[in-house]
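All remarks here apply to the structure that follows.
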Amino acid sequence: MALRMSTLFLRTLRDDPADAEVPSHKLLVRAGYVRRVAPGIYSWLPLGLEVLRNVEKVVREEMVGIGAQEVHFPALIPREVFEASGRWEAYGDGLFRLQDRKTNDYLLAPTHEELFTLLVKGELSSYKDYPLSLFQIQTKYRDEARPRAGILRGREFIMKDSYSFDLTDEGLAASYQAHRDAYERIFSRLGFDYRIVFAVSGAMGGSASEEFLAPTPSGEDTFVQCTNCDYAANTEAVVIASPPAQDPSAQPASVVLDTPDTPTIDTLVDRLNTLDVGREFGAADTLKNVVLRTRAPGEKAWSLLVVGVPGDREVDLKRLAGQLEPVEVEQAGPDDLAAVPALVKGYIGPQILGESSATKVRFLVDPLVVPGSAWVTGANEADKHAAFVVRGRDFEADGEIGAVEIRDGDRCSVCGARLEIARGIELGHVFQLGRKYAETFGLTALGPDGKPATVTMGSYGVGVTRAVAALAEQTLDDKGLSWPRIVAPADVHVVATGKDEAVFEASQALVSSLEEAGVRVLYDDRRGVSPGVKFKDSELIGVPTIVIVGRGLAGGTVEIKDRATDERREVPVASAAEELL
Ligand code: ATP
Ligand code: MG
Ligand code: MG
Ligand code: MG
1 MALRMSTLFL RTLRDDPADA EVPSHKLLVR AGYVRRVAPG IYSWLPLGLE VLRNVEKVVR
61 EEMVGIGAQE VHFPALIPRE VFEASGRWEA YGDGLFRLQD RKTNDYLLAP THEELFTLLV
121 KGELSSYKDY PLSLFQIQTK YRDEARPRAG ILRGREFIMK DSYSFDLTDE GLAASYQAHR
181 DAYERIFSRL GFDYRIVFAV SGAMGGSASE EFLAPTPSGE DTFVQCTNCD YAANTEAVVI
241 ASPPAQDPSA QPASVVLDTP DTPTIDTLVD RLNTLDVGRE FGAADTLKNV VLRTRAPGEK
301 AWSLLVVGVP GDREVDLKRL AGQLEPVEVE QAGPDDLAAV PALVKGYIGP QILGESSATK
361 VRFLVDPLVV PGSAWVTGAN EADKHAAFVV RGRDFEADGE IGAVEIRDGD RCSVCGARLE
421 IARGIELGHV FQLGRKYAET FGLTALGPDG KPATVTMGSY GVGVTRAVAA LAEQTLDDKG
481 LSWPRIVAPA DVHVVATGKD EAVFEASQAL VSSLEEAGVR VLYDDRRGVS PGVKFKDSEL
541 IGVPTIVIVG RGLAGGTVEI KDRATDERRE VPVASAAEEL L
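With the working numbering, letter number 286 in the sequence shown gets 286, and the count goes up by one each step, no holes.
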């Protein structure tokens with residue numbers, strides 16, 4: 001049934017909402033798609049719900065298309081489940097926590113790795129049951145520090161989350177690839193301009209993590225893209241080819257510093273002073289971005305940790321020394337060392353260091369301990385794993401990894417061309433979790449030999465409500481929203497203008513024949529509303545094709561207008577329906 005504007009639950013607004021920062025937010029409110037209830041919490045009105053469902057439909061089709069099966073989990077989860085994974089603590093203030101009448105603790109789930117792992121554990125036991133992919137389209141809760149931009153960053157939002165379960169690393173790689181391909185189809189079909197960028201991964205050995213970003217100035221993610229090739233990465237994960245040109249005397253060759261044991265402030269100062277950086281370090285010095293390579297004695301494996309502070313804050317040597325407790329390093333083989341990205345800019349917060357107890361640690365301080373230098377460093381997946389163990393897909397919460405300063409002259413590690421910074425909205429995230437959750441919850445499968453093997457998992461998310469706003473953001477213009485047909489609340493917006501009864505009759509006839517042909521119609525059948533108001537509303541609402549039935553009717557024509565290009569043509573009213581199919 002056509003949506004009729006005379007009865008549709010819709011009030012368009014002339015003025016921007018006071019709290020709106022980004023254009024999509026302003027327009028989704030003005031065009032009557034959503035209404036704000038509280039910061040980051042929104043109601044969806046009929047037009048908004050149409051778009052949301054259209055997005056969901058595409059996402060669901062592509063998930064089903066790769067063999068994922070749909071399930072639905074509660075948002076309300078007992079504390080114990082998140083306690084077991086360490087996320088009751090790790091999530092900090094981001095988690096909505098509450099109690100039932102018996103004062104038992106609950107949370108509103110920000111994501112569902114734990115419950116999926118537990119569900120599969122409860123149902124399956126044999127290797128024959130794998131591989132398996134499950135998904136849901138469900139409401140998530142995150143007490144975001146800065147809910148902004150309307151539904152782009154909500155505190156309640158809808159996510160499609162899926163999880164793959166495999167027995168082998170190759171299986172996980174295949175499941176990951178299937179999801180990645182499905183995401184490409186989803187975002188292409190929805191009409192997005194998007195980039196796939198490397199992201200920081202928390203899993204061990206060959207694991208992968210990539211984000212799908214919609215480039216737009218209002219995006220909150222900063223990423224780096226090559227001006228020549230396809231290379232693109234989140235600033236947390238970017239690999240650059242070589243140090244930017246700086247004062248060469250400030251960059252001596254790397255020096256390996258063996259420390260006898262946990263370094264004290266004195267040993268650290270001593271060691272730093274063996275570096276030929278043209279200055280002497282003292283105990284009160286401050287540093288930016290110190291790189292430490294650590295190696296357990298007798299081991300061939302290397303690893304590398306970055307200690308530093310993002311932006312222009314500095315860390316003083318005393319604090320640094322205090323944090324140089326021996327760190328247990330996830331062992332990576334010599335081959336992994338060769339694969340370590342040459343140089344990665346990054347930051348791992350000091351709070352993560354100092355966890356354990358390897359005996360003797362060897363430190364390599366990169367040349368880049370030069371105070372004031374924003375340039376650094378490198379980390380492979382193993383190091384990041386060591387640092388990020390217990391954390392899930394959302395581990396890269398604010399403040400844990402600092403944004404990296406990319407400088408003029410930074411070059412792409414793939415082709416050597418110049419890198420540039422851009423901003424984008426994170427639409428989706430594909431992530432190899434590995435065996436972390438399966439180990440935590442004891443998810444194993446009995447192999448053909450009767451021995452249990454730990455399952456390896458992937459986790460994959462699409463922000464469904466966010467996609468609506470992000471698509472609005474990418475397609476809107478100065479007149480209003482302008483949807484790609486696949487998500488638009490209707491295919492055609494028929495606008496009947498004037499007072500002439502013949503106009504309404506002709507419009508109704510057109511609407512009926514369009515509907516018979518399966519075209520989704522929004523019909524502006526309001527009486528007593530001026531043509532100017534109706535035109536403005538049609539531009540604001542953003543249905544891709546607008547048909548104006550009015551003045552031309554006397555000459556037997558109607559006007560068909562393309563919302564996005566503003567192209568107009570007069571067609572005979574008799575053939576209008578055909579033209580629109
Ligand atoms: P962000 O970096 O924007 O905070 P995230 O990395 O925390 O997102 P994930 O945990 O990877 O998000 O969740 C999967 C997807 O869910 C994201 O790619 C994004 O599209 C969506 N999403 C995450 N947080 C929100 C939110 N607060 N509001 C709407 N959508 C969100
Ligand atoms: Mg987040
Ligand atoms: Mg993110
Ligand atoms: Mg993410």
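Yeah, the Cβ is synthetic: ideal placement off N, Cα and C, and Gly gets one too.
Since the model is a prediction, treat every value here as computed from it, not as a measurement.
Checklist entry - So is the beta-carbon of histidine 602 under 6 Å away from any non-hydrogen atom of ligand 4? => result In this structure the chain extends from 1 to 581, so residue 602 is not present and cannot be described.
Checklist entry - glutamate 113: beta carbon under 6 Å from a heavy atom of ligand 3? => result no
Next on the checklist: Does the structure place the stretch 537 to 548 close enough to the stretch 474 to 482 that three or more beta carbon pairs sit under 8 Å?
Outcome noted: yes
Checklist entry - What do you reckon, are the CB atoms on histidine 72 and glycine 150 nearer than 7 Å? => result no
Checklist entry - What residue range is occupied by the uninterrupted beta strand (DSSP E) comprising glutamate 210? => result 209 to 215
Checklist entry - Taking the Cβ atom as the reference point for each residue, do alanine 453 and leucine 167 lie within a distance shorter than 7 Å? => result yes
Item to check | Limits of the unbroken alpha helix (DSSP H) element including glutamate 516 | outcome: 501 to 516
Next on the checklist: Taking its Cβ as the centre, do 16 or more other Cβ atoms sit within 10 Å of serine 209, making it buried, or is it exposed?
Outcome noted: buried
Next on the checklist: At a threshold of 6 Å, does glutamate 61 count as lining ligand 3 (C-beta to nearest heavy atom)?
Outcome noted: no
Item to check | Counted within 10 angstroms of its Cβ, other Cβ atoms place leucine 581 as buried (16 or more) or exposed | outcome: exposed
Checklist entry - Are the beta-carbon atoms belonging to leucine 95 and leucine 76 less than 7 Å from one another? => result no
Next on the checklist: For leucine 47 and proline 39, what's the separation of their Cα atoms in angstroms?
Outcome noted: 21 Å
Item to check | Residue burial classification, cysteine 229 (beta-carbon count within 10 angstroms, cutoff 16) | outcome: exposed
Checklist entry - Residues bridged to methionine 591 by DSSP? => result Residue 591 lies beyond the range of the chain shown here (1 to 581); nothing can be said about it.
Checklist entry - Can you tell me the Cα-Cα spacing of glycine 31 and arginine 53, whole angstroms? => result Here residue 31 is alanine; the residue named in the question, glycine, does not match the sequence. Cα to Cα, alanine 31 sits roughly 17 Å from arginine 53.
Checklist entry - Given leucine 476, which residues of its chain have a CB within under 8 Å of its CB, disregarding the five upstream and five downstream residues? => result Pro23, Ser24, Leu27, Ser482, Gly542
Next on the checklist: Just to confirm my understanding: we take alanine 490, look at its own chain, exclude 5 residues before and 5 after, and list those with CB closer than 7 Å. What are they?
Outcome noted: Leu3, Arg520, Val521, Leu522, Val543
Checklist entry - In the DSSP assignment, what are the bridge partners of cysteine 226? => result Leu419
Item to check | Rounded Cβ spacing between alanine 502 and proline 215 (contact assumed at less than 8 Å) | outcome: In fact, because the Cβ distance is near 48 Å, the residues do not count as touching under 8 Å.
Item to check | lysine 57 (DSSP reduced to helix, strand or coil) | outcome: helix
Checklist entry - Between the stretch 457 to 471 and the stretch 158 to 172, are three or more C-beta pairs nearer than 8 Å? => result yes
Next on the checklist: Please state the DSSP three-state secondary structure of aspartate 129.
Outcome noted: helix
Checklist entry - With a CB to CB cut of under 7 Å and the five nearest residues on each side skipped, what residues in its chain are close to alanine 558? => result As written in the sequence, residue 558 is valine, which differs from the alanine given in the question. The residues are Val547, Ile548, Val549, Gly552, Val571, Val573, Ala576.
Item to check | Range of the contiguous beta strand (DSSP E) that encloses leucine 76 | outcome: 76 to 78
Checklist entry - So what does DSSP say about alanine 2, is it helix, strand or coil? => result coil
Checklist entry - Under 6 Å from any heavy atom of ligand 3, does the C-beta of glutamate 21 make it? => result no
Item to check | Distance cut-off 6 Å: glutamate 144 Cβ against heavy atoms of ligand 1 | outcome: yes
Next on the checklist: Is glutamate 220 a contact residue of ligand 3, with contact defined as CB to any heavy atom under 6 Å?
Outcome noted: no
Next on the checklist: Rounded to the nearest angstrom, what separates asparagine 234 and alanine 182 at their Cα positions?
Outcome noted: 21 Å
Checklist entry - Using 8 Å as the Cβ pair cut-off and three pairs as the minimum, do the stretch 53 to 72 and the stretch 82 to 90 touch? => result no
Next on the checklist: If the criterion is Cβ atoms closer than 7 Å, does the pair threonine 227 and alanine 417 meet it?
Outcome noted: yes
Item to check | Identified DSSP bridge partners for glutamate 579 | outcome: Paired residues: none, contrary to the question.
Item to check | Segment limits, beta strand (DSSP E) that includes tryptophan 44 | outcome: 41 to 44
Checklist entry - According to DSSP, is glycine 480 helix, strand or coil? => result strand
Checklist entry - Beta carbon of glutamate 426: closer than 6 Å to some heavy atom of ligand 3? => result yes
Checklist entry - So, helix, strand or coil for tyrosine 183, using DSSP? => result helix
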